[in-house]
Each structure stands twice: as C-alpha cells, then as structure tokens.
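S.K.: Quick note, my numbering runs 287 ahead of the 1-based positions in the sequence shown. One structure coming up, written as structure tokens, with questions to follow.
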Amino acid sequence: MQSVFALVCLVYYLLIANFYKQSNGFQDHYNLTYAFWKITPILFLAGFTFLHGGGMKRRYRLAAAGGLIFGGIGDWIIGIDRDGIIPGAIAFGIGHLFYLSIFIRHRTQLHNRAAVAMLIWAAIIGQLCLLPLMRVHFAPVLIFSIYSVLLSVVTVIAVSQYLNGSKTQDERALFYRAIGFGLFYASDSFLILTHTGHWSFHSDLLVLATYYQAQLLILYANSIACNRKCMFTPSQSLAIYGGTAFLAYIETSGYEKEKKVLLSLPFLVLSLLTLATTMHPKPRFATAASFLVMATATYAQSSLRTTAPFPALLITVANLLYYLSYRDLVTNHSKPVIVLSVIVTFGVFVYVLRDVVVAIPYLAAILMTVFISHILLISTAASVCQYGQHGDYDARQASMVRLIGAILAWLSSLLFFINAFQTHTRTVHTVSRVLIYLANSLLYISNERAF
Numbered sequence: 288m289q290s291v292f293a294l295v296c297l298v299y300y301l302l303i304a305n306f307y308k309q310s311n312g313f314q315d316h317y318n319l320t321y322a323f324w325k326i327t328p329i330l331f332l333a334g335f336t337f338l339h340g341g342g343m344k345r346r347y348r349l350a351a352a353g354g355l356i357f358g359g360i361g362d363w364i365i366g367i368d369r370d371g372i373i374p375g376a377i378a379f380g381i382g383h384l385f386y387l388s389i390f391i392r393h394r395t396q397l398h399n400r401a402a403v404a405m406l407i408w409a410a411i412i413g414q415l416c417l418l419p420l421m422r423v424h425f426a427p428v429l430i431f432s433i434y435s436v437l438l439s440v441v442t443v444i445a446v447s448q449y450l451n452g453s454k455t456q457d458e459r460a461l462f463y464r465a466i467g468f469g470l471f472y473a474s475d476s477f478l479i480l481t482h483t484g485h486w487s488f489h490s491d492l493l494v495l496a497t498y499y500q501a502q503l504l505i506l507y508a509n510s511i512a513c514n515r516k517c518m519f520t521p522s523q524s525l526a527i528y529g530g531t532a533f534l535a536y537i538e539t540s541g542y543e544k545e546k547k548v549l550l551s552l553p554f555l556v557l558s559l560l561t562l563a564t565t566m567h568p569k570p571r572f573a574t575a576a577s578f579l580v581m582a583t584a585t586y587a588q589s590s591l592r593t594t595a596p597f598p599a600l601l602i603t604v605a606n607l608l609y610y611l612s613y614r615d616l617v618t619n620h621s622k623p624v625i626v627l628s629v630i631v632t633f634g635v636f637v638y639v640l641r642d643v644v645v646a647i648p649y650l651a652a653i654l655m656t657v658f659i660s661h662i663l664l665i666s667t668a669a670s671v672c673q674y675g676q677h678g679d680y681d682a683r684q685a686s687m688v689r690l691i692g693a694i695l696a697w698l699s700s701l702l703f704f705i706n707a708f709q710t711h712t713r714t715v716h717t718v719s720r721v722l723i724y725l726a727n728s729l730l731y732i733s734n735e736r737a738f
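Shown next as structure tokens:
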C-alpha cells in the first residue's frame with residue numbers, strides 16, 4: 288500500500304502545485320478558474336477513494352468519498368464567492384458527518400485535556416470573530432457556530448481515540464487521523480480569522496496548505512483503519528492513467544502547448560502503477576523502467592527539430608526496456624512479419640526523412656534507431672502471438688493486446704516525424720500524442736495480464 292499512496296501523493300501534490308500556479312499563488316480569488324483548480328486535488332482524491340480507497344471496504348470507500356465530495360462542494364462555494372463561507376460550511380459539515388460515520392462506532396473514552404484545550408480555543412475564536420457579528424448577521428453566525436461545534440466534536444473524538452488508544456483500530460490510523468483533523472481545525476481557524484480581518488500573514492497559503500494536508504492524512508488514516516487489499520485492479524490503474532492523460536490534454540490545449548511536466552506525467556504515473564502491480568519482479572521493473580524513460584523522453588522533447596537526438600535515443604531505450612520485459616516469451620520469430628515490418632518501415636523512413644538523410648545524416652541515423660526499436664517490438668510481439676501459449680486464453684489475449692500497442696506506438700512515432708519534418712498540423716500532432724498514450728496503456732495491460 289505504501290507504493291500506492293506514494294503515487295497518490297505525487298499526483299495530489301502536482302495538482303495542488305498546478306492550482307498554486309494557475310491562481311497566482313492562491314491570490315486570484317472568487318472566479319470560476321480559481322474554484323475549478325481549487326477542487327481538482329480533492330476530486331482526484333474522491334475518485335481514487337471511490338475506485339480503490341487504499342483497500343477500504345465498499346461502505347467505507349463510499350463514506351470517505353462522500354466526505355471528500357462534500358469537501359469539494361464546499362471548496363467550490365467558498366472559491367467562487369467571498370460570501371460563500373456559510374453555505375460552504377454547511378457542505379463541509381455534511382462531509383464531516385460522513386467522516387465521523389467511519390470511526391464513531393469504535394468505543395471512545397474522552398480525553399479531558401484535549402477537550403478542554405479545544406473548548407478554550409473555540410471560545411477565543413468565538414469571542415474574537417463571531418460574537419461581534421452576532422447582532423448584524425445572526426443566522427450566518429449561528430450556522431457557522433453549529434459547524435464549528437461539529438468540527439470540534441469530530442476532532443476531539445479523533446484525538447481522544449489516539450491519546451487513549453483503541454483495541455479495535457490500528458495505532459497508525461489513529462495518529463494520522465488525529466493529525467488530519469487537527470490540521471482541518473487549524474485551517475478553519477485561519478479561514479475565519481482571515482475572513483474577519485484578524486489574520487493576514489500568508490493567510491491563503493496557511494488555509495489551503497493545512498486543509499489539503501488534512502484531507503490527505505484523513506484518507507490515509509481511514510485506508511489503514513479499514514484496509515482490505517493493497518493493489519490496484521487493472522481498470523483502476525487505467526482510470527488513473529487515463530485521468531492524468533486527460534488532464535494533460537485539457538491543460539495543453541489538445542497537447543499543443545509544450546508543458547513538459549504535464550505531458551510526461553501520464554508516463555510517470557504509469558511507471559509507478561506498474562511498480563504497484565503483482566507482476567514478477569523482472570518484467571515489472573523492466574516495464575516500469577520503460578515507462579519512466581518514456582516520461583523522460585517526453586519531458587526532453589520540447590521541439591523535435593532542436594532536441595531530436597536525445598529524446599529519440601531515450602525512446603529507443605524505452606522500447607528496448609519494454610522488449611526485455613517479455614523477451615522470455617519469444618520462443619520463435621515470425622520471419623514474414625519481420626520482413627514486412629522492415630520493408631514498410633524503411634519505405635516510410637525514406638519518404639518522411641529523405642531531406643534529413645541528405646542534410647543531417649547523423650540525425651537521420653539516430654532517428655532510424657527509433658524505427659528499428661519499433662520493428663523489434665512489432666516483430667517479437669507478433670511472434671509471441673503466433674508461437675505463444677495458445678492453450679492459455681489470458682496469455683493469447685495479452686499477446687494480442689501487446690501487438691496492437693506496439694503497432695500504435697509505431698504509428699505515433701510515424702505521425703510525429705511527419706508532423707515535424709513534413710507539414711505541421713495541430714490535428715496530426717494531437718493524434719500522435721493520443722496514440723502514444725493509448726499504446727502505452729495497452730503495453731501496460733498486456734504485461735499485467737501476462738505476468
């Protein structure tokens with residue numbers, strides 16, 4: 288489960304960093320763009336929780352996802368309107384009830400000192416921020432006070448369960464949950480202090496940093512306490528990978544803008560997902576290394592004309608690493624497929640790169656290695672289909688998926704080179720990106736099923 292949450296944390300923090308950048312350091316408040324990017328990290332956690340939840344049973348996944356979804360609703364309301372703090376508090380309150388339903392069934396002995404400390408702090412906040420507004424804004428103050436009491440109760444229960452111990456819950460879960468709700472309480476305290484003009488020092492950063500960390504720790508605690516399994520299913524892995532690829536598509540205007548981190552993120556995610564599988568060590572590490580090198584190649588490839596040699600070599604290495612992952616399955620070679628692949632690839636290479644061959648021979652030679660590595664993948668994948676384990680349905684299916692993935696990867700490289708050295712069109716560029724993301728998802732699923 289550690290590898291799973293390492294992946295979740297990576298994507299989660301990248302989404303927060305993206306929100307920070309898009310909102311000019313959390314400063315561009317109260318508009319649709321701010322609200323949208325604010326909720327993306329929480330929606331990612333909600334999706335992960337609903338689909339996987341770190342191994343939680345279904346009813347706990349639904350409760351935890353419900354808490355996150357209502358948290359996202361509260362984020363949206365507060366992010367779109369300065370006066371949204373009250374309806375936002377209602378949404379957060381409902382979310383806390385979902386969270387409370389996960390651990391309220393466990394016996395709790397109240398920790399008196401924690402309760403007294405919480406009561407004193409609540410009294411200070413109430414006296415400083417809420418009571419002065421009571422006469423003018425009675426209903427909003429009453430609603431926020433009820434929410435504050437609810438959050439205080441949930442926090443005291445979480446802290447008490449940790450400090451007094453529990454025979455029915457993992458101690459690590461109790462610790463992370465107590466810290467999580469403590470940070471949640473701190474975030475809301477900074478929020479109301481900022482909203483009423485009593486706090487201004489890095490207020491937005493403090494509110495959101497404590498809030499985002501709180502949501503992550505609460506989820507992690509719940510996954511430990513209610514754990515049932517540790518690995519992603521293939522469908523869950525592909526959903527996460529597809530989500531990151533779609534995020535890159537949206538953020539780069541159809542893969543047109545050269546945002547290196549976002550374009551390489553899907554391959555990095557796929558590499559980490561591969562490490563979280565139950566494949567045999569050799570194919571698992573070779574497959575993960577292949578996707579990692581592909582992520583590096585994508586990051587380096589800001590412009591094919593200026594940085595072609597290095598990314599091309601990296602793509603070649605990525606293909607070779609992937610070949611090593613299933614090399615033991617290749618018992619014989621299909622000569623007709625090899626001959627056909629060589630003829631087609633050579634013809635395409637001469638047509639697409641004929642000017643490069645004359646003008647920059649060394650670059651043409653390097654680019655040729657990419658096509659050679661694709662020939663290797665296609666011919667060996669086809670050979671496994673032809674001479675593989677015909678009695679095993681899963682193995683046959685995996686070999687066919689691998690062949691399709693290898694062909695799509697070849698087509699992606701072909702379109703990319705056409706777009707770079709012939710006529711540049713946005714459509715061809717986008718299709719090339721889509722094909723490489725799709726190809727690698729098929730290459731992932733084929734090895735996951737085969738090994």
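Every residue gets a Cβ at the ideal spot worked out from N, C-alpha and C, and that includes glycine.
Which whole-angstrom value describes the C-beta separation of residue 501 and residue 468, a residue pair presumed to lie in contact below a C-beta threshold of 8 Å?
M.R.: 7 Å between Cβ atoms; contact.
S.K.: Do you know how far the Cα of residue 423 is from the Cα of residue 582?
M.R.: Distance between the alpha carbons of residue 582 and residue 423 is about 57 Å.
S.K.: Under 7 Å Cβ to Cβ from residue 725, same chain only, skipping five residues before and after it: list those, please.
M.R.: Once the five neighbours on either side are set aside, the close Cβ partners of residue 725 are 695.
S.K.: For a test of the three-state rule: what should DSSP assign to residue 516, helix, strand or coil?
M.R.: Here the model assigns residue 516 a pLDDT of 45, short of 50, so the residue's position is not dependable, and the following value carries that caveat. Note: residue 516 maps to coil in three-state DSSP.
S.K.: Return the chain-ordered list of same chain residues with a C-beta closer than 6 Å to the C-beta of residue 738, the five sequence neighbours on each side being excluded.
M.R.: Once the five neighbours on either side are set aside, the close Cβ partners of residue 738 are 566, 567, 570.
S.K.: Kindly list the residues whose CB is nearer than 7 Å to the CB of residue 364, restricted to its own chain and excluding five residues on each side of it in sequence; keep chain order.
M.R.: Excluding residues within five positions, the ones whose Cβ falls inside 7 Å are 371, 374, 375, 378.
S.K.: Tell whether a beta-carbon distance below 8 Å holds between residue 320 and residue 302.
M.R.: Cβ atoms of residue 320 and residue 302: not closer than 8 Å.
S.K.: At the level of alpha carbons, what is the spacing between residue 488 and residue 475?
M.R.: One C-alpha to the other measures close to 15 Å.
S.K.: In three-state DSSP terms, what is residue 566?
M.R.: If DSSP states are grouped into helix, strand and coil, residue 566 belongs with coil.
S.K.: Hey, would you say residue 688 sits closer than 8 Å to residue 722, going by beta carbons?
M.R.: Cβ distance not < 8 Å, so residue 688 and residue 722 don't count as in contact.
S.K.: So residue 608 and residue 584 are in contact, right, with Cβ under 8 Å, and what is the actual spacing, rounded?
M.R.: Actually they do not touch by this definition, with Cβ atoms about 12 Å apart.
S.K.: Tell me which residues share the same chain as residue 386 and place their Cβ nearer than 6 Å to its Cβ, disregarding the 5 neighbours each side in the sequence.
M.R.: Counting only Cβ-Cβ distances below 6 Å, and skipping sequence neighbours, we find 354.
S.K.: From residue 330 to residue 356, what does the alpha carbon distance come to, in whole angstroms?
M.R.: Cα to Cα, residue 330 sits roughly 7 Å from residue 356.
S.K.: Using the rule of at least 16 other Cβ atoms within 10 Å of the residue's Cβ for burial, across every protein chain shown, is residue 335 buried or exposed?
M.R.: Burial call: buried.
S.K.: Would you identify the three-state DSSP class for residue 343, choosing helix, strand or coil?
M.R.: In this structure, residue 343 counts as strand in the three-state DSSP scheme.
S.K.: Between residue 706 and the rest of its own chain, which residues show a CB-CB distance below 6 Å, the 5 nearest in sequence each way excluded?
M.R.: These residues qualify, in order along the chain: 715, 716.
S.K.: Would you decide whether residue 296 is buried or exposed? Buried here means 16 or more other CB atoms lie within 10 Å of its CB.
M.R.: So residue 296 ends up on the exposed side.
S.K.: Can you tell me whether DSSP reads residue 592 as helix, strand or coil?
M.R.: With a pLDDT of only 46 at residue 592, under 50, the local geometry of the prediction cannot be trusted, and the value read off the model is given with reservation. If DSSP states are grouped into helix, strand and coil, residue 592 belongs with the helices.
S.K.: So what does DSSP say about residue 486, is it helix, strand or coil?
M.R.: In this structure, residue 486 counts as coil in the three-state DSSP scheme.
S.K.: According to DSSP, is residue 286 part of a helix, a strand, or is it coil?
M.R.: What is shown of the chain runs 288 to 738, which leaves residue 286 out entirely.
S.K.: If you reduce the DSSP assignment to three classes, tell me which class residue 617 lands in.
M.R.: Three-state result, residue 617: coil.
S.K.: Helix, strand or coil for residue 308 per DSSP?
M.R.: Residue state, collapsed to three classes: helix.
S.K.: Could you give the DSSP three-state label for residue 541: helix, strand or coil?
M.R.: Coil.
S.K.: From the DSSP output, in three-state form, read off residue 316 for me.
M.R.: Three-state DSSP puts residue 316 in coil, outside helix and strand.
S.K.: Between which two residues does the alpha helix (DSSP H) holding residue 379 run?
M.R.: Run containing residue 379: 372–390, per the alpha helix (DSSP H) assignment.
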